[in-house]
Structure formats: C-alpha cells, structure tokens
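When we follow UniProt numbering, the leftmost residue of the sequence shown carries the number 1, and every step to the right adds one.
Please read the structure below before turning to the comments.
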Amino acid sequence: MDLPRSVVLNYEQDSQRLNVQLVDPAKAAPILAGIFTVPILFDEFDFKLDGEFARRFGGGVLNLIALGQPDIKQYMTFTPHPIDRPSGQ
1 MDLPRSVVLN
11 YEQDSQRLNV
21 QLVDPAKAAP
31 ILAGIFTVPI
41 LFDEFDFKLD
51 GEFARRFGGG
61 VLNLIALGQP
71 DIKQYMTFTP
81 HPIDRPSGQ
C-alpha cells in the first residue's frame, strides 16, 4: 500500500489546536498548482536534519501560520534565531 507523503498543517483558532493531515501527493497536486512554494534546501543546512533544523523549521512554519492568523503568536515563545553552539559541534 502506498502511504500518503504530503503533509497539511492548519491552525484552528476556535479550538486552539494544530491539525496535521497526511495527503496523497497526486490528489494534492491540482490544488497546489500555481501556489507560491518556499523550497527548503538541505545543502543550506549541511544535509543535517537535526534538532536545530527542526527548531528553525518549526518556528518558520508557525510564523507562516501567524501571517494569516496572528492570534497564534500569543503562544509562540521559541528563539527566532540560531542557537549559538560551542565550537566543535
């Protein structure tokens, strides 16, 4: 069985929750055709999908949601910039 591979995330302001849905990419393609896409290039992160990447990715996604639903900002307390790491990490 071919599992869905695309992810849809939305914020329901009334119930104050995030919903994650898995979607078949072929079914989503017609809806997404012509919509602005923001590519996230792995080489810009040295091909490391680590905790720092996840923090920045998640923060970026929440900021995108907040553009249309600014009420979510009251719950956002993450650091918006990269966290300094000791040398050698």
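Using N, Cα and C, we set each Cβ at its ideal position, and we do this for glycine too.
Per the DSSP calculation, residue i is bridged to which residue(s)?
i: glutamate 52; result: Looking at the DSSP assignment, glutamate 52 forms no beta bridge with any residue, so it has no partner.
i: leucine 62; result: None, per the DSSP bridge assignment.
i: serine 6; result: Val23
i: glutamate 12; result: Arg17
To the nearest angstrom, how far is it from the Cα of residue i to the Cα of residue j?
i: arginine 55; j: proline 80; result: 9 Å
i: valine 7; j: glycine 68; result: 19 Å
i: threonine 37; j: phenylalanine 53; result: 19 Å
i: leucine 32; j: aspartate 24; result: 12 Å
i: lysine 48; j: leucine 41; result: 11 Å
Report the CB separation of residue i from residue j in whole angstroms; it is logged as a contact under 8 Å.
i: leucine 22; j: leucine 9; result: With a Cβ gap of about 11 Å, leucine 22 and leucine 9 do not count as contacting.
I want to check one thing, is the minimum distance from the CB of residue i to the heavy atoms of the ligand FAD below 7 Å?
i: leucine 62; result: Of the ligands one can find in the structure shown there are none, so the ligand FAD has no counterpart to examine.
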